[in-house]
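A short write-up of the structure that comes next.
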Amino acid sequence: MILSDFSWNARWQIPSTLWRSNTLLYVLIGAFALAGAILLGLNVARSYQQTLELHSRQLDVGAMVTEDYLSQTLEQTRLLLLDRASQWKQLPEPARQGAPAQMLLQAGLQGMSHVRSVSLVDAQGVVRASSEPGNLGQLLPEAPQRGALIWLSQAYPGRDLTEAGHPQISDAPGFVLAALPLDIQGAHWWAVATLSPETFRNYFSRLEPLADARLEVYRYDGVPLFAYGSGLWLSAIERQERFGVQLAEREIGQAAERLRNRTPVMESYRAARRMPLVVMLSQNKAQMLQDWRQDLELLLWIFTPLLAGLASATLVMVRQRISAAKVLEQRSMAEIRRLSQLIDSLPDAVVVLGRGGFPLHGNPVWQRFAGGLNPHDSLPSLYRARAGDRPVTEAWLGKLARVLQGEAELQEEELSLFDAQGQPRIYQLTLQRLAGASDAMVLVQHDLTDSHARANKLRYLSSHDELTGLYNRACFNELLGQALESQALPLAVLFIDLDHFKEINDTHGHQVGDAILVEAARRLQEVVRATDIVGRYGGDEFVIVLGAPALPALAERVAHRLNQQLNTPFDVNGQRYLLSASIGIAHAPAHGRTLQALVAAADEAMYQSKAAGRNRATCYTPPPLPY
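For the sequence shown, the tail end lands on 2054 under this note's numbering, and the numbers increase by one without skipping.
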């Protein structure tokens, strides 16, 4: 710092004879004042640059972590829409617009504080099912774009679709629409979620060092979504420049000076990795330099009198110069502390790396992962010791080494690593070079383990029955259709309905009924082969596909064994329950070559079993041909 610039003064011994000459004294004072003025100017310029660089780093880090939060939140929204739409399509047609549909959609909102409602919208834009009853029958304010993975509209006033008006460019509270395209019986539908921008604004407001910055979120095509903080939206001409030129060239823009509505600002932006949105942070340049100007005024106030009193203030000037240096140093340290506070407040593990990948500063989350902050332990050596998938980790470490040496671009990667407790976790790693620091980078490590677990669970529930673990109706139909398309014949379809099961539910309660269904599913799986398909078709109905070669004799033997298994008493909470089943059998290709024909034939045969007294299996008999 400035103090070091004057360290030579303490070792400079002026000969006593020099002070005896007034001429030499004035020359010395003048030279000293000139040197002080030059040093002052250099340090003012250096302080100016340091202030801008620190604020730029804050903007870059803020854009990165805010975009990451938005992307993760929208990914959860996408999975929610996929899950609810899949569950909704399995409902019978009359229940898709009634209370069962509402309860199904409301159940998905648990833990989704950013989602106000979920709705199913038909091809004409009319809401046919919603977690919010008031939305039913409403017309979607704006039609989504077909083909997009997730489509975002700009903000609407009101709290939900019932109060929605025309979209507006405003910082006022409202909501944003997110829509996912669906195909329902050949028609274009949408699963639509209303998102509260307040959730994202609250997250950004917790980043204290960015309190004076303005957050703006745009759709990738430049449509404004929502904003937080004082300031104005980009004008139409400015949006055309940003989204038509800059974004096309580079999707991550480090903080740089821009003119916004004819006002100089520092601006940083970052396009989302998987969603069609751009996060933009900006801060008035004059506001960023306010503290620096105060320091400059202080220096000028100190230094001007010194120039006026050269002859009598030489020693005073030195002391004041050192004091001014301390002021600048303290201010610089304060800015560094603010940046550290920003990093420490983040929910993800964040570490600032110096030359060679050695850590300079890590937030508490990072230190818990790394077991502390060791400035002598490089990042590659830490990850090599924590490698879960060693070949993948070694490949990424090779990329990291080239990045640290300046031979490659920054990378984003998902790695399997062990945490400090030795538990396997999945992390997303993002590297970003700090503005104004050629050797310094910041690494953000986001824990994806829980997100992956939720996604895997949603994928599982989209194809399996949640109670029994068998294939659900939609997945069973898909697997049977694939078997028929492959011409793997002959095969058999068994339609199984538990006799008098409704009486058990009505008399003993659904808890007992659910336990019996779980046990029945287990017994069915024990009878058939691992290659056969077992599914729950709905309620107390089960279906089985016996793969080729499934001759009639085999189907009858399996049906007989199924009846034996289901006739065995069920023990639930110390009570015994007797059950039986009515089974219908259909064969392909004898009774049909399509999914609909085979299931209908097996269902008809099941009803024939019930009509004949239940607790038996019946093979489908086609009706006689008319004369």
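Glycine included, each C-beta is placed from N, C-alpha and C at the ideal position.
For residue j and residue i, the rounded distance between their alpha carbons
{"i": "Gly-2040", "j": "Leu-2005", "result": "16 Å"}
{"i": "Gln-1855", "j": "Asp-1998", "result": "48 Å"}
{"i": "Ala-1522", "j": "Arg-1900", "result": "16 Å"}
{"i": "Arg-1628", "j": "Gln-1848", "result": "34 Å"}
{"i": "Asp-1816", "j": "Leu-1981", "result": "46 Å"}
{"i": "Ala-1591", "j": "Leu-1547", "result": "16 Å"}
{"i": "Gly-1962", "j": "Gln-1794", "result": "48 Å"}
{"i": "Leu-1773", "j": "Gly-1789", "result": "11 Å"}
{"i": "Cys-2046", "j": "Leu-1978", "result": "12 Å"}
{"i": "Asp-1432", "j": "Ala-1472", "result": "Since pLDDT at Asp-1432 reaches only 28, below the 50 mark, its modelled position is unreliable, and the value read off the structure follows with that caveat. Those two C-alpha atoms are separated by around 15 Å."}
{"i": "Asp-1487", "j": "Asn-1711", "result": "15 Å"}
{"i": "Ala-1986", "j": "Leu-1916", "result": "19 Å"}
{"i": "Ala-1599", "j": "Asn-1688", "result": "20 Å"}
{"i": "Leu-1716", "j": "Gly-1489", "result": "19 Å"}
{"i": "Glu-1676", "j": "Pro-1571", "result": "27 Å"}
{"i": "Asn-1449", "j": "Thr-1690", "result": "Legend: pLDDT at Asn-1449 = 47, less than 50; position of this residue unreliable, no value from coordinates given."}
{"i": "Ala-1828", "j": "Glu-1643", "result": "35 Å"}
{"i": "Ser-1657", "j": "Gln-1714", "result": "12 Å"}
{"i": "Glu-1983", "j": "Asn-2000", "result": "33 Å"}
Residue i and residue j closer than 9 Å at C-beta
{"i": "Leu-1509", "j": "Leu-1885", "result": "yes"}
{"i": "Gln-1517", "j": "Ala-1556", "result": "no"}
{"i": "Ser-1632", "j": "Ser-1540", "result": "no"}
{"i": "Ala-2013", "j": "Ala-2029", "result": "yes"}
{"i": "Lys-1929", "j": "Asp-1967", "result": "yes"}
{"i": "Val-1945", "j": "Thr-1895", "result": "yes"}
{"i": "Leu-1708", "j": "Ser-1695", "result": "yes"}
{"i": "Leu-1780", "j": "Arg-1813", "result": "no"}
{"i": "Leu-1604", "j": "Tyr-1647", "result": "no"}
{"i": "Arg-1881", "j": "Gln-1503", "result": "yes"}
{"i": "Val-1869", "j": "Leu-1918", "result": "no"}
{"i": "Asn-2042", "j": "Asp-1926", "result": "yes"}
{"i": "Phe-1903", "j": "Val-1970", "result": "yes"}
{"i": "Ser-1544", "j": "Leu-1536", "result": "yes"}
{"i": "Tyr-1898", "j": "Leu-1906", "result": "yes"}
{"i": "Arg-1811", "j": "Leu-1800", "result": "no"}
{"i": "Arg-1511", "j": "Ala-1618", "result": "yes"}
Residue i, buried or exposed, once every other Cβ within 10 Å from all chains shown has been counted against 16
{"i": "Met-1702", "result": "buried"}
{"i": "Arg-1641", "result": "buried"}
{"i": "Gly-2011", "result": "buried"}
{"i": "Ile-1664", "result": "exposed"}
{"i": "Tyr-1887", "result": "exposed"}
{"i": "Asn-1994", "result": "exposed"}
{"i": "Gln-1991", "result": "exposed"}
{"i": "Asp-1877", "result": "exposed"}
{"i": "Ile-1465", "result": "exposed"}
{"i": "Pro-1560", "result": "exposed"}
{"i": "Asp-1892", "result": "buried"}
{"i": "Arg-1562", "result": "Correcting the residue type first, residue 1562 is Asn in the shown sequence and not Arg. Asn-1562 is buried by the Cβ-count criterion."}
{"i": "Val-1672", "result": "exposed"}
{"i": "Gly-1680", "result": "buried"}
{"i": "His-1937", "result": "exposed"}
{"i": "Ala-2044", "result": "buried"}
{"i": "Pro-1594", "result": "buried"}
{"i": "Gln-1832", "result": "exposed"}
Beta-carbon contacts of residue i that lie in its chain and below 6 Å, excluding the five residues immediately before and after
{"i": "Pro-1651", "result": "Gln-1581, Ile-1596, Tyr-1645, Trp-1660"}
{"i": "Ser-1513", "result": "Ser-1889"}
{"i": "Val-1492", "result": "Leu-1773"}
{"i": "Leu-1501", "result": "Met-1702"}
{"i": "Ala-1682", "result": "Ser-1483, Leu-1486, Asp-1487, Met-1693, Ser-1695, Ala-1862"}
{"i": "Val-1778", "result": "Pro-1786, Gly-1789, Trp-1793, Leu-1870"}
{"i": "Ile-1923", "result": "Phe-1969, Ala-2008, Ile-2010"}
Close beta carbons around residue i, own chain, < 8 Å, minus the five adjacent residues each side
{"i": "Glu-1839", "result": "Arg-1700, Gln-1855, Leu-1856, Thr-1857, Leu-1858"}
{"i": "Pro-1791", "result": "Asp-1771"}
Other residues of its chain near residue i: CB distance less than 7 Å, five sequence neighbours each side excluded
{"i": "Ser-1498", "result": "Ala-1699, Arg-1700, Arg-1701, Met-1702"}
{"i": "Gln-1565", "result": "Val-1554, Leu-1588, Thr-1589"}
{"i": "Glu-1494", "result": "Arg-1697, Ala-1699, Val-1706"}
{"i": "Gly-1649", "result": "Arg-1666, Phe-1670"}
{"i": "Gly-1783", "result": "Ser-1805, Leu-1831"}
Residue i: CB within 8 Å of a non-hydrogen atom of the ligand COA
{"i": "Tyr-1475", "result": "Ligands in the displayed structure: none, and consequently the ligand COA is not present."}
At what residue ranges does the segment 1610 to 1636 contain a whole run of the beta strand (DSSP E), taking only runs of 3 or more?
1614 to 1622
Can you give, in chain order, each stretch of the beta strand (DSSP E) that sits fully within the segment 1782 to 1820 and has at least 3 residues?
Complete beta strand (DSSP E) runs here, min 3: 1786 to 1789.
List in chain order: all unbroken alpha helix (DSSP H) runs of 4+ residues lying wholly within the segment 1637 to 1715.
1663 to 1668, 1712 to 1715
Which runs of the alpha helix (DSSP H) fall wholly inside the segment 1825 to 1863 and span at least 4 residues, in chain order?
none
Let me know the alpha helix (DSSP H) ranges lying completely inside the segment 1904 to 1963, each 4 residues or longer, listed in chain order.
1928 to 1935, 1937 to 1954
Report the residue ranges of all beta strand (DSSP E) runs contained in full by the segment 1980 to 2016; include only those spanning at least 3 residues, in chain order.
Runs found: 1997 to 1999, 2002 to 2004, 2008 to 2015.
Where in the segment 1482 to 1548 do unbroken runs of the beta strand (DSSP E), each at least 3 residues long, occur, reported from the N-terminal end onward?
Complete beta strand (DSSP E) runs here, min 3: 1542 to 1548.
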